[in-house]
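S.K.:
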Amino acid sequence: MTNQQRKHFIISAIERAECSDVHDALRVAGEEIECLEAIPFGSRNEIIRSCEDIADGVIDGSESIKRLLEFVNSVPD
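Quick note: to get the working numbering, add 837 to the position in the sequence shown (first position is 1).
(1) With a threshold of 16 other CB atoms inside 10 Å of the CB of residue 895, please say whether the residue is buried or exposed.
(2) Counting Cβ pairs, one atom from each stretch, are 3 or more of them under 8 Å apart for the stretch 879-889 and the stretch 844-852?
(3) Measuring alpha carbon to alpha carbon, tell me which residue in 882, 859, 883, 910 is nearest residue 902.
(4) What are the boundary residues of the alpha helix (DSSP H) that residue 875 is part of?
(5) Please state whether DSSP places residue 856 in a helix, a strand or coil.
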């Protein structure tokens with residue numbers, strides 16, 4: 838599967854599952870997210886940052902989903 842196909846699968850799975858936060862999204866599509874290739878260096882820890890921010894109350898669930906989708910879209914096809 839190419840990155841483009843994998844990204845489409847991830848985004849579709851998250852939207853179908855109506856995930857409430859990044860943790861729900863990782864349960865639904867975490868394996869596919871881990872398989873993404875050529876992740877930009879500055880984005881490699883974005884998911885961890887989102888998990889930490891939601892745990893600290895800095896962001897809410899919808900913001901964490903938004904960040905995750907931005908991360909997925911930032912990965913080159």
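C-beta: ideal position from N, C-alpha, C; glycine also. Predicted, not measured: the structure shown is a model, and the values here were computed from it.
M.R.: Short version:
(1) exposed
(2) no
(3) 859
(4) Residue 875 -> no alpha helix (DSSP H), and no H or E assigned at all.
(5) Coil, per DSSP.
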